[in-house]
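Residues in the sequence shown are numbered from 1419 upward in steps of one, following the numbering used here.
Single-structure report; data block below.
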Amino acid sequence: MKTVYIALGSNLNTPVGQLKSALKAIEHLPDTQLTAVSAFYLSKPLG
């Protein structure tokens, strides 16, 4: 099994909800195992 690292981000609507949905979608990919998730970090938008 290969190891990959994926960075996710969201700044629209409900960012935490969108990240949780993305993680669920990743978990359902065939031949994929989600082994760790870092804490979510909330910051003010730039620009």
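Backbone N, C-alpha and C define an ideal beta-carbon position, used for all residues, glycine too.
The residues 1463, in chain order, have a CB closer than 7 Å to that of residue 1429 in the same chain once the five nearest residues on each side in sequence are set aside. Going by C-alpha positions, residue 1458 is about 12 Å away from residue 1436. According to the DSSP assignment, residue 1443 belongs to the alpha helix (DSSP H) that extends over 1433 to 1445. At least 8 Å separates the beta-carbon of residue 1444 from that of residue 1453.
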